[in-house]
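J.: Numbering (the numbering used here), first residue to last: 1388 to 1455. Before I ask anything, here is the structure I am working with.
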Amino acid sequence: MPKSLKIARIGTECVACGCCVQACPRDAVRIVYGITARIIPELCVGCGRCAKTCPADVIDIVERGAAL
Ligand code: SF4
Ligand code: SF4
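What follows is the structure, given as structure tokens:
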């Protein structure tokens, strides 16, 4: 699969609810240390499903270069 030009970016206000983990079809987001979600860049295709499900509205879909 070609690399997507888009990627999800998690904001600092993440409450680690796990909704994005459930929503992601690529298993590209994990809860780390029980405190925040983190994107796995190699797996994320920027589809935006996680952003739609986030109750805290802290996920943005951005250009790949902007997320790093
Ligand atoms: S943008 Fe899509 S692939 Fe990337 S973490 Fe969110 S749901 Fe998963
Ligand atoms: S859905 Fe939003 S608040 Fe919940 S873990 Fe994912 S980024 Fe954090």
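C-beta atoms are modelled at their ideal positions from N, C-alpha and C, and glycine is treated no differently.
Using the Cβ count rule (16 or more neighbours within 10 Å means buried), how would you classify residue 1433?
T.: Within the sequence shown, numbered from 1, the residue matching residue 1433 stands at position 46. Its Cβ being crowded by 16 or more others within 10 Å, residue 1433 is buried.
J.: For residue 1413 versus residue 1447, is the C-beta spacing smaller than 7 angstroms?
T.: Within the sequence shown, the letter at position 26 stands for residue 1413. Within the sequence shown, the letter at position 60 stands for residue 1447. It is not a contact, given that the beta carbons lie outside the stated cut-off.
J.: Got a sec? Which residues, its chain only, sit under 7 angstroms from residue 1411 by beta carbon, not counting five neighbours each side?
T.: Position 24 of the sequence shown, counting from 1, holds the residue named residue 1411. Around residue 1411: 1436 and 1437.
J.: Whose C-alpha, out of 1391, 1399, 1442 and 1439, is nearest the C-alpha of residue 1422?
T.: If you number the sequence shown from 1, residue 1422 lands on position 35. Checked all of 1391, 1399, 1442 and 1439; the closest Cα to residue 1422 is 1399.
J.: Compute the Euclidean distance between the alpha carbons of residue 1406 and residue 1415, then round it to the nearest angstrom.
T.: Taking the sequence shown and counting its residues from 1, the one referred to as residue 1406 is at position 19. Taking the sequence shown and counting its residues from 1, the one referred to as residue 1415 is at position 28. Between residue 1406 and residue 1415, the C-alpha separation is close to 13 angstroms.
J.: Residue 1402 and residue 1443: beta carbons closer than 7 angstroms?
T.: Position 15 of the sequence shown, counting from 1, holds the residue named residue 1402. Position 56 of the sequence shown, counting from 1, holds the residue named residue 1443. Yes, the Cβ-Cβ distance between residue 1402 and residue 1443 is below 7 angstroms.
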